[in-house]
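As structure tokens, the structure follows; a few thoughts come after it.
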Amino acid sequence: MIKCHIVQDLLPSYIDGLLSTESEHDIQQHLQECGVCRALHAKLSASINNSDLHVEKTEINFLKKVRKRTTKKMITGFTVLVLIFALLTYFFAIGSPVHKADLMYTTSVVGDTWRINMELTNGKALLVKTEPIYGEKDSNGIKPVVGVLVKPHELLPSPILEGDNNSFMFGSTIDSFNKRDYKVILRLGDGDVVFTSDNYDN
Numbered sequence: 010m011i012k013c014h015i016v017q018d019l020l021p022s023y024i025d026g027l028l029s030t031e032s033e034h035d036i037q038q039h040l041q042e043c044g045v046c047r048a049l050h051a052k053l054s055a056s057i058n059n060s061d062l063h064v065e066k067t068e069i070n071f072l073k074k075v076r077k078r079t080t081k082k083m084i085t086g087f088t089v090l091v092l093i094f095a096l097l098t099y100f101f102a103i104g105s106p107v108h109k110a111d112l113m114y115t116t117s118v119v120g121d122t123w124r125i126n127m128e129l130t131n132g133k134a135l136l137v138k139t140e141p142i143y144g145e146k147d148s149n150g151i152k153p154v155v156g157v158l159v160k161p162h163e164l165l166p167s168p169i170l171e172g173d174n175n176s177f178m179f180g181s182t183i184d185s186f187n188k189r190d191y192k193v194i195l196r197l198g199d200g201d202v203v204f205t206s207d208n209y210d211n
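Position in the sequence shown counted from 1, then plus 9, gives you this note's numbering.
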């Protein structure tokens, strides 16, 4: 019969399934008959199982940390890209209101058209936005157009636009100024310039 000290030496290999079929059979038979070796076998099996669980848990925690770090980097990278896009859009497509010191403008009447010519003097590109000005609702609940809001904005010169884009001409009919309360408002960053029937031809 196989002796205890040999069984005890072979137990780790037995637990890992590394022994031959014959040796496994001998050890199984010995464990059935020997309480001491059986207790040692139970202890070693539990220790190995706990060790495997610890390794598995460590690997899972490591993967969680890697995933968390990767997600964090992706979110940071995306945020930076959005911020860069927003800044580029602002500087090249939206711009900021022009100040009086940076805009030269003249008015003229050509035929039945009133014109205002604008030119930026600070080397930036000029983008002019216009929108109607509405009055109070009439008896039909309709708001009449009583003017135009002209909003010049300055942009960084864009590589996709023409190089000479620092001037703009806005026109309105003379008849418009004969209407009640009609006005053209030139909205600048530091105040409005208002043209009405009293001063459009000055």
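Glycine is no exception: its CB is placed at the ideal position from the N, C-alpha and C atoms.
All values derive from a computational prediction rather than experimental measurement.
Compute the distance between the beta-carbons of residue i and residue j, then report whether it is under 9 Å.
i	j	result
Asn126	Phe177	yes
Gly156	Tyr191	yes
Ser105	Gly198	yes
Pro161	Asn174	no
Provide the residue(s) that pair with residue i in DSSP beta bridges, ordered along the chain.
i	result
Ile125	Thr116, Phe179
Ala134	Leu164
Pro141	Val157
Leu197	Gly200
Taking the straight line between their C-alpha atoms, what separation do you get for residue i and residue j?
i	j	result
Arg189	Glu163	32 Å
Glu140	Val159	7 Å
Leu112	Leu129	5 Å
Thr79	Gly86	10 Å
Ala48	Ser32	19 Å
Leu40	Ala51	10 Å
Ile142	Ile93	34 Å
Gly26	Leu72	29 Å
Cys46	Lys82	54 Å
Would you say residue i touches the ligand MG, meaning its beta carbon is less than 8 Å from a heavy atom?
i	result
Thr85	Ligands are entirely absent from the displayed structure, and the ligand MG is therefore not among its contents.
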